[in-house]
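Report on the following structure.
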Amino acid sequence: MNHVRLQVERLTKNYRTSPDSADILSNLDLSVPEGEFLCILGPSGCGKTTLVRCIAGLEDYEGTIRVDGNTVTGPGPDRMMVFQDYNQLFPWKTVLKNVQYPMKVNGIRDKQELRSRAEEKLKMVNLQEYADYYPHQLSGGMKQRVAIARGLVMNPGILLMDEPFAALDAMTRNKLQAELRRIKEEENLTVIFITHNIQESIVLGDRIIMMDKGGRIKLDERNTIPKPVSPDSEGYGAMWRLFEDALGDTGAEG
Ligand SMILES: Nc1ncnc2c1ncn2[C@@H]1O[C@H](COP(=O)(O)OP(=O)(O)OP(=O)(O)O)[C@@H](O)[C@H]1O
Ligand SMILES: [Mg+2]
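So the sequence shown is numbered by this note's numbering: it starts at 155 and just counts up by one.
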């Protein structure tokens, strides 16, 4: 049995926008072992972003969230986040400086170390040639690669990804999915990856969870289809239908 990296117990989140506002998440339990690639599906507004923001330490919450046994009370270098938004990079910093930023925030001052660790991660996402570029000189896919390199530079226990490929064209998206799986294997990453896309969850996930409109976990399945997964893989169709049918029952519109 693998070491438990993330333990969420009875997580409840209410933004308390009004005295009678409903809980977004209510008594949610979730355990993620080290090295697991977990995909989370669910209809818009069900609380996926809320869940990862709580894990990232960006929201207060009721209940328990522990990473490697340590209670989450705020952001930390053990939990790095990659967002959907292309504008998550600092526009006035070069690619290299963007990737170095979390190290600087965490007190790393050694110039040699700053450079070598950032270059190593840029190489991992195939952007070593672009270290001196600025974000506006990059394509959307390249910006997301930089965000991944930045997310990995502290060697976090968990990489939290909130629809990072959702705004990319299909070809770029497929390419980045394959690269993320490769990096996951190389680094034995623990990843929590939010997506709207059932196909993406089957291609990437070792495990796939579907949440419903009430912020509950409705389905929690192991994905044992051998990687790399394609629509021709044995078991793909059955897995896709399982989640497609479940999505229809979650209260998703349309
Ligand atoms: N800062 C906030 N203040 C008040 N309510 C919020 C806040 N952030 C989110 N909510 C509410 O919490 C609910 C869940 O939002 P959340 O962004 O977590 O959903 P989601 O599953 O990520 O949706 P999507 O798939 O559209 O990204 C929504 O009803 C939303 O209006
Ligand atoms: Mg969201």
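Virtual Cβ for every residue (Gly too), placed ideally from N, Cα, C.
Terminal residues of the alpha helix (DSSP H) in which residue i lies
| i | result |
| --- | --- |
| Cys208 | Lys202 to Ala210 |
| Arg335 | Ala324 to Glu341 |
| Lys277 | Lys265 to Met278 |
| Leu250 | Val249 to Val259 |
Strand pairing of residue i, partner residues [DSSP]
| i | result |
| --- | --- |
| Leu182 | Leu165 |
| Ile362 | Cys193 and Glu375 |
| Thr225 | Arg220 |
| Pro187 | Val158 |
| Asp316 | Ile348 |
Residue i (DSSP reduced to helix, strand or coil)
| i | result |
| --- | --- |
| Gly230 | strand |
| Gly402 | helix |
| Met308 | coil |
| Val300 | helix |
| Val236 | strand |
| Asn241 | helix |
| Gly408 | Because the pLDDT of Gly408 is 46, which lies under 50, any placement of that residue in the model is unreliable, and the number read from its coordinates should be weighed accordingly. Gly408: coil per DSSP, three-state reduction. |
| Val357 | helix |
| Arg395 | helix |
| Pro289 | helix |
| Arg170 | coil |
| Glu283 | helix |
| Gly295 | helix |
Closer than 6 angstroms: residue i CB and nearest ligand 2 heavy atom
| i | result |
| --- | --- |
| Lys367 | no |
| Lys277 | no |
| Lys167 | no |
| Thr203 | yes |
Endpoints, beta strand (DSSP E) assigned at residue i
| i | result |
| --- | --- |
| Gly217 | Glu216 to Val221 |
| Val345 | Val345 to Ile348 |
Whole-Å CB distance - residue i paired with residue j, under 8 angstroms assumed
| i | j | result |
| --- | --- | --- |
| Gly211 | Pro229 | 4 angstroms |
| Asp183 | Val162 | 6 angstroms |
| Asn377 | Ile356 | 6 angstroms |
| Ile346 | Leu192 | 5 angstroms |
| Thr171 | Glu216 | 16 angstroms between Cβ atoms; not a contact. |
| Met257 | Val307 | 6 angstroms |
| Val300 | Leu243 | 6 angstroms |
| Ile194 | Met365 | 7 angstroms |
| Pro318 | Phe237 | 7 angstroms |
| Gly294 | Tyr240 | 5 angstroms |
Residue i CB to nearest heavy atom of ligand 1 below 6 angstroms
| i | result |
| --- | --- |
| Cys200 | yes |
| Thr378 | no |
| Ile363 | no |
| Ile312 | no |
| Ile371 | no |
| Thr171 | yes |
| Ile194 | no |
| Ile178 | yes |
Near ligand 4: residue i beta-carbon under 6 angstroms from a heavy atom
| i | result |
| --- | --- |
| Leu334 | No copy of ligand 4 occurs in the structure displayed; its ligands are ligand 1 and ligand 2 alone. |
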